[in-house]
Amino acid sequence: MSPQSDAPSPSPSPSPSPSQELLHDLLACFDAYAQIRGRGNSLLQASRTTPQQEQRAFDYLEQAVTRLRNALE
Numbered sequence: 020m021s022p023q024s025d026a027p028s029p030s031p032s033p034s035p036s037p038s039q040e041l042l043h044d045l046l047a048c049f050d051a052y053a054q055i056r057g058r059g060n061s062l063l064q065a066s067r068t069t070p071q072q073e074q075r076a077f078d079y080l081e082q083a084v085t086r087l088r089n090a091l092e
């Protein structure tokens, strides 16, 4: 016989709304951009980023802002 617990099973957490997902995406893009931007001025040559990498991260950030803005309209 297997022991049974009287504790209720945990309810699944509600799935995030589309605007919450877009907000999380925006924050992830911002974090990535901030990291790349910070490495652009690094003293270590190996950790520096190129202007193209910085521009790509900024473009992703801009697109994430646009997606969130459109979802909230």
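Position 21 (the sequence shown) corresponds to 40 in the numbering used here; numbering is contiguous. Using N, Cα and C, we set each Cβ at its ideal position, and we do this for glycine too.
No Cβ-Cβ contact shorter than 8 Å links residue 34 with residue 90. Nearest to residue 67 by C-alpha distance, out of 92, 75, 57, is 57. Of the other Cβ atoms in all chains shown, 16 or more fall within 10 Å of the Cβ of residue 76; this residue is therefore buried.
When 81, 40, 64, 59 are compared, the shortest CA-CA separation from residue 49 is found for 81. A direct Cα-Cα distance of roughly 26 Å separates residue 92 from residue 51. The residues 68, 72, 73, 76, in chain order, have a CB closer than 8 Å to that of residue 55 in the same chain once the five nearest residues on each side in sequence are set aside.
The Cβ atoms of residue 46 and residue 87 lie no closer than 8 Å to each other.
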